[in-house]
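**Student:** Pasting a structure here, questions to come.
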Amino acid sequence: HQHPAGPEGGEEFDLSCGGVSIIRKETMKTKSNLLTVLPFVLMAIFTRTSAQEFELHQTLTGHGNLVLSVAFSPDGTTLASGSYDKTIKLWNVSDGRLMKTLTGHGYSSVRSVAFSPDGTTLASGSDDKTIKLWRVSDGRLMKTLTGHGNYVWSVAFSPDGKTLASGSSDHTIKLWGVE
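Quick note: the sequence shown uses the numbering used here, first residue 121, plus one each step.
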């Protein structure tokens, strides 16, 4: 969903999907169509007011770069976000407060986050080719899964929480047994 606007030859696009708003300003620098892109990241939580409309509930700020993935905990009290800034952030949904920042993927973007069905574990997939499992209660790194040959773009738990799936740029999907 895009809305062009903006002065002096620049365009500002309001991009939103699934309750996350990303605002990106693109400015034309030369007549040869060279664009300089300056990303400004905002996360927004929307409340559904009807079958067709959503109302902005709050905006969460704190990432230093693009937000690539968001996931609600099963009980809806916590939101996890993974970012191009190489961090995972855990947010209190009721007041928008940043609760924890998780680091451990080194110099690599965090492409995907997913909560286990019981809400005790968070999985993250990254450009470092790994999946990391975090204990949500204290943010402790519990395990690192290796085996992909390229970026991990997606992670998801099975409904029973016994299997974690990961999808990668190496053209594979891996299924991991979760202890």
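Even for Gly, the Cβ is constructed at its ideal location relative to N, Cα and C.
Going by DSSP, name the residue or residues bridged to V233.
**Tutor:** Against the sequence shown, residue 233 aligns to sequence position 113. Answer by DSSP bridge pairing, in chain order: S244.
**Student:** Thinking just about the alpha-carbon of each residue, which of G196, F174, P194, L210 is nearest to the one in G182?
**Tutor:** The residue labelled residue 182 in the question sits at position 62 within the sequence shown. Checked all of G196, F174, P194, L210; the closest Cα to G182 is L210.
**Student:** With 16 other CB atoms within 10 Å as the buried threshold, where does S257 fall?
**Tutor:** Taking the sequence shown and counting its residues from 1, one reaches residue 257 at position 137. By the 10 Å Cβ count, S257 comes out exposed.
**Student:** Put T250 into one of helix, strand or coil per three-state DSSP.
**Tutor:** One-based indexing of the sequence shown puts residue 250 at position 130. Coil at T250, not helix or strand.
**Student:** With DSSP as the reference, label K220 as helix, strand or coil.
**Tutor:** As a first step, residue 220 must be located in the sequence shown, where it is residue number 100. It is a strand residue.
**Student:** Please report how far the alpha carbon of I142 lies from the alpha carbon of L186, in whole angstroms.
**Tutor:** Here residue 142 is taken as the residue at index 22 of the sequence shown, counted from 1. Here residue 186 is taken as the residue at index 66 of the sequence shown, counted from 1. The predicted model places I142 with a pLDDT of 36, which falls under 50 and marks its position as unreliable; any figure quoted below should be read in that light. C-alpha separation (whole angstroms): 8 Å.
**Student:** Quick check: the Cα distance between A243 and F235, rounded to an integer number of angstroms?
**Tutor:** Within the sequence shown, numbered from 1, the residue matching residue 243 stands at position 123. Within the sequence shown, numbered from 1, the residue matching residue 235 stands at position 115. Each residue's Cα considered, the two are about 6 Å apart.
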